[in-house]
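Last residue of the sequence shown? That's 411 in full-length UniProt numbering, and every number before it is there in order.
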Amino acid sequence: MADHASLAGKRVLLVIAGGIAAYKSLELIRRLRERGVTVRAVLTEAGARFVTPLSVQALTEDTVYRDLWSLTDESEMGHIRLSREADLLVVAPATANLLARMAAGMADDLAATVLLATDKPVLVAPAMNVRMWQHAATQANMALLESRGVLRVGPNDGVMACNEFGPGRMAEPMEIVDAIAGIFAQDAHRPLAGRRAIVTSGPTHEPIDPVRYIANRSSGKQGHAIAAALAKLGAAVTLVSGPTRLPDPAGCSVVHIETAREMLAACEAALPADIAVCAAAVADWRVDGVGDRKLKKDGGGPPALALTENPDILATLSRPGDRRPALVVGFAAETGDVLAYATAKRARKGCDWIVANDVSPGTGTFGGGDNTVHLIRADGVESWPTMAKDAVAARLAEAVAEHFIKDFKAK
Ligand code: C5P
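In structure tokens form, the structure reads like this:
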């Protein structure tokens, strides 16, 4: 059996939808409560046809929430509070219908509304007829929900209530308890809780005129992954992002900017911070004297663009002073002599660490999924094997966390 120590004192909001497996949810409530979990339940209209509100109420020793409209009454807890006061939302059984409504973002009953309003992780335990589970619609809904971060346990193979055989049986109560314990155990590893981090990511766009701009090939993948990895370890992350095609990473506060000067202003507005990671590919130059009219081909030849230097965000954040983050990390994208250039860059910019990588044509680093980096610190160089950018981000975030633990012990 998995370790259930992480469960004590946690609050679960259990959504019971209408399926024959709902009887197992009563057992689930008992098993969770035995382990010190506070369980509050939302019962859908269909769910109440399979288990009685009275049984759920007796087992949770709490009100059973059923009606969206009663929660609009000022004297009652609102549905937003209901969904936010839990540490985790568990949907068991999760029927095909409720999964479809979740995927579509509907809010047509209390269950769907709390699932839409929550900012907490959601775990679903699907339970339905095998053909309903295998139907392309359900599979597409489930895949969409998982891509949005919804977690799943089961369904299991077995004989169904309808005598068909295959996947569709809800996971057993103890399997669901194990899955919940796993989620909380992961959550417990938050060594950066209470730390604030600023991460820059993506390219900047520097206008030439109102319709044209100078850009670069940065995809933002590495910077976004670092922001997500720091947030996962508990840091409060402000991601300052240039224009990218990426979705905002979960758990970060994201400021979208276009130019280097806007990026600097957004970083300064996010101070004070303990950590700054400058992963953005900031344009070194911008066009001087951009007017509010489009440049025209007037027969007089191409315009002479006068360039002027952009502020160096990494160097600015690294400048000694009260507001300097305790740990400033820069990136060095080089196309040869990576270590020598990167070591010199660390000194020149005044940052603490440099993550150096080779972006020569053929390495596939720009826009690609993998990265090969060297971490350059005051006391030496660590060369990491080629890894997915997500893995580089996770390792860098762990190194940041370790730095703060050591720093704390040294004081
Ligand atoms: O000087 P170079 O562009 O090679 O330095 C790269 C590092 O400096 C990266 O960490 C990048 O995010 C940061 N940088 C910056 N502001 C600039 C130029 C670079 O923060 N204007």
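Beta carbons: idealized from backbone N, C-alpha and C, even for Gly. Since this is a predicted model, take the numbers as computed values, not measurements.
Bounds of the alpha helix (DSSP H) holding ASP187 are 173-188.
Only buried fits ARG66, as 16 or more other CB atoms lie within 10 angstroms of its CB. The residue from VAL37, ALA326, THR52 with its alpha-carbon nearest to that of ILE405 is ALA326. HIS4 counts as buried, since no fewer than 16 other beta carbons sit within 10 angstroms of its beta carbon.
Remark: the shortest separation between the CB of ASN310 and any heavy atom of the ligand C5P falls under 6 Å.
Per DSSP, reduced to three states, the secondary structure at CYS267 is helical. Take the alpha-carbon of GLY291 and the one of PRO210: they are about 7 Å apart.
Proximity of the beta carbon of LEU314 to the ligand C5P is indicated: a heavy atom of the ligand is located closer than 6 Å. Following the DSSP letters along the chain, one finds THR38 inside the beta strand (DSSP E) bounded by residues 38-43.
Judged by DSSP in its simplified three-state form, MET170 adopts coil rather than helix or strand. Assignment of ASP352 by DSSP, reduced to helix, strand and coil, places it in the coil class. One thing to note: VAL240 has its Cβ within 7 Å of the Cβ of ALA266. By DSSP's assignment, ASP370 forms a beta bridge with ALA388.
Here the alpha carbon of ASP178 sits roughly 13 Å from the alpha carbon of GLU34.
It is roughly 37 Å from the alpha-carbon of ARG245 to the alpha-carbon of GLY300.
The beta carbon of THR38 sits closer than 6 Å to the beta carbons of ARG11 from its chain, once the five residues preceding and following it are set aside; these are given in chain order. Nearest to ILE20 by alpha-carbon distance, out of LEU14, PHE50, GLU175, is PHE50. If you draw a straight line from the Cα of PRO93 to the Cα of ASN163, it is about 18 Å long. In the structure shown, HIS256 falls within a strand segment according to DSSP collapsed to helix, strand and coil.
Excluding residues up to 5 positions away in sequence, ILE16, GLY47, PHE50, VAL51, PRO93 lie with their Cβ nearer than 7 Å to the Cβ of ALA22 in the same chain. No heavy atom of the ligand C5P is found nearer than 6 Å to the CB of GLY369.
Shortest Cα-Cα distance from GLU172 to any of TYR213, GLY336, ILE214, ARG31 involves ARG31. Residue pairing by DSSP places ILE16 opposite LEU43 in a beta bridge.
With fewer than 16 other beta carbons inside 10 angstroms of its own, TRP69 counts as exposed.
At a cut-off of 6 Å, the beta-carbon of PHE331 counts as near the ligand C5P: some heavy atom of the ligand is closer than that. Within the same chain, and ignoring the five residues on either side of ALA86 in sequence, the residues whose Cβ sits closer than 8 Å to its Cβ are ARG11, VAL12, LEU13, ARG40, THR118, LYS120. Only exposed fits ALA340, as fewer than 16 other CB atoms lie within 10 angstroms of its CB. Distance check between ALA188 and each of MET174, LEU28, SER6 places SER6 closest, using alpha-carbon atoms only. Setting aside the 5 residues that flank it on each side, VAL338 is surrounded in the same chain by ALA356, ASP358, each with a C-beta closer than 6 Å to its C-beta; the list follows chain order. Taking non-hydrogen atoms of the ligand C5P into account, the C-beta of ALA280 is found less than 6 Å away from one of them.
Residue VAL282 holds the alpha-carbon nearest to the alpha-carbon of HIS205 among ARG319, GLY362, VAL56, VAL282.
Shown here, LEU123 sits in a strand according to DSSP, grouped into three states.
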